[in-house]
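I have placed the structure first, in the form of structure tokens, so that the comments after it can refer back to it.
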Amino acid sequence: MRCGTRLMIVVHPPSARVDFTETTPHEEHLLERLTMLENTLARLAERLEQGLNLLLRQSETAYTNHALVKSLIEILNECGVVDNGRLESLWRAECEKLNENGIETSPATRQPKKPRKAKRKASTSS
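What follows is the structure, encoded as structure tokens:
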């Protein structure tokens, strides 16, 4: 019994039969540099995550401190110990003083720093 389908034969050229599993020294050098870059990027991502966690904790702490101070002011105001109007005017005056001092010593008014030059390893070409 015949099916009538043609038989297909796959022929590999002789150049495809040679195994090129060994890498050249130049490829090994590039692979090492890529590995170093990947490791550096992973460390940077880890440090950024740590910095983000630190900022989040700082933000939470500032919020809870603000809530505490606000609650204390409300209690003192209810007891008649603190005058809200006077407290607010004193607070705004202090903030203005800080802003004035901050403008004088802000980084924008200082002499600009010269840009740092990036140090690079001397690469050897093979």
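Numbering-wise (my numbering), the sequence shown opens with residue 2 and increments by one.
Yeah, the Cβ is synthetic: ideal placement off N, Cα and C, and Gly gets one too.
As the structure is a prediction and not an experimental result, all values here were calculated from the model.
Whether residue i touches residue j by CB criterion (8 Å)
i: leucine 88; j: isoleucine 74; result: yes
i: valine 83; j: leucine 91; result: no
Three-state secondary structure (DSSP) of residue i
i: leucine 69; result: helix
i: threonine 25; result: coil
i: isoleucine 74; result: helix
i: arginine 7; result: coil
i: glycine 103; result: helix
i: glycine 86; result: helix
i: glycine 52; result: helix
i: serine 127; result: Residue placement at serine 127 is poorly supported in this model, since its pLDDT is 43, which falls under 50; the coordinates still yield a value, given next. Of the three classes helix, strand and coil, the one that applies to serine 127 here is coil, per DSSP.
Chain-order list of residues whose beta-carbon lies under 6 Å from that of residue i (same chain, five-residue window excluded)
i: arginine 44; result: none
8 Å Cβ shell around residue i - same chain, five flanking residues per side excluded
i: arginine 48; result: none
Same chain only: Cβ atoms within 7 Å of residue i, ignoring 5 sequence neighbours per side
i: tyrosine 64; result: none
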